[in-house]
Amino acid sequence: YATETDQVFACGPAAMYRDMARMPELKGKPVQVSLEMRMGCGLGACYACTVRTKTGLRQVCKDGPVFNLDDIIWDELDLSI
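To convert, note that position 35 of the sequence shown is 39 in my numbering; the numbers rise steadily by one, no gaps.
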């Protein structure tokens, strides 16, 4: 169905998102994903939920949890979470 969609909203494990980021059918389409991370404080003070994006470091608790799929640098994300 990926070729027939205008945009995608996804919720699931980080490994699934990484695989989605590699799908040629989704290139150029707006894909929003909800990241699930361990959060130490939930306020952004501890930086436990920090992810690297193309525009810099972002905190899931403050800047998310929804991010554009193509913004996340998946090779540096701990997929065991």
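For glycine and all other residues, C-beta sits at the position ideal for the given N, C-alpha and C.
Taking the alpha-carbon positions, what's the residue i to residue j distance?
| i | j | result |
| --- | --- | --- |
| Met20 | Val64 | 17 Å |
| Met43 | Pro28 | 32 Å |
| Ser38 | Gly46 | 16 Å |
| Trp78 | Val55 | 9 Å |
| Glu8 | Cys15 | 19 Å |
| Lys33 | Gln11 | 6 Å |
| Ala49 | Ile76 | 21 Å |
The alpha helix (DSSP H) with residue i in it runs from where to where?
| i | result |
| --- | --- |
| Arg22 | 18-25 |
For residue i, which residues from the same chain have a beta carbon less than 6 Å from its beta carbon, with the 5 sequence-adjacent residues on both sides left out?
| i | result |
| --- | --- |
| Cys53 | Met41, Met43, Gln63, Val64, Cys65 |
Using 8 Å for Cβ pairs, my map puts residue i next to residue j. What's the rounded Cβ distance?
| i | j | result |
| --- | --- | --- |
| Asp74 | Ala18 | The Cβ separation is near 15 Å, so there is no contact. |
Quick check on residue i: does DSSP put it in helix, strand or coil?
| i | result |
| --- | --- |
| Leu47 | coil |
| Leu30 | helix |
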